[in-house]
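If you read the sequence shown in this note's numbering, its first letter stands for residue 380, the second for the next number, and so on.
Even for Gly, the Cβ is constructed at its ideal location relative to N, Cα and C.
Shown next, in structure tokens, is the structure this report addresses.
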Amino acid sequence: LGLDGGILVPNPIEKSKEIPNKVVDSAIDKALNEAALHGIRGKDVTPFLLSKIVEYVPEALNANVELVKSNAVLGSKIAIELLK
């Protein structure tokens, strides 16, 4: 492709597996507040947030797994097309 940077390819999961933004945003806000309360910083923030979001919204784990699967499928399709 001859690019000097990357490409962003939005790839949402199926509508039936989505979690409403309001629910996710609330869980993220709550987890961020809890991280701040516990002094969690730097590289420890992301795993903390992910675990807390799944604690607050259990279906978030399945949504994340579906996102990884969907991204793997799309990524392989893009790679195949680029090889042509």
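Extent of the continuous alpha helix (DSSP H) to which residue i belongs
| i | result |
| --- | --- |
| Leu-428 | 424 to 435 |
| Asn-390 | Taken as a continuous stretch (DSSP letters only), Asn-390 belongs to no alpha helix (DSSP H), as it is neither H nor E. |
| Leu-453 | 438 to 462 |
Residue i, DSSP secondary structure in three states
| i | result |
| --- | --- |
| Asn-400 | helix |
| Gly-418 | coil |
| Leu-382 | coil |
Beta-carbon contacts of residue i that lie in its chain and below 7 Å, excluding the five residues immediately before and after
| i | result |
| --- | --- |
| Val-402 | Val-436 |
| Ser-449 | Asn-390, Ile-392 |
Cutoff 8 Å; reference residue i; Cβ partners in own chain excluding five residues on either side
| i | result |
| --- | --- |
| Ile-386 | Leu-380 |
| Ala-439 | Ile-398, Val-403, Ala-406, Ile-432, Val-433 |
| Leu-461 | Leu-380 |
| Lys-396 | Asn-441, Ala-442, Glu-445 |
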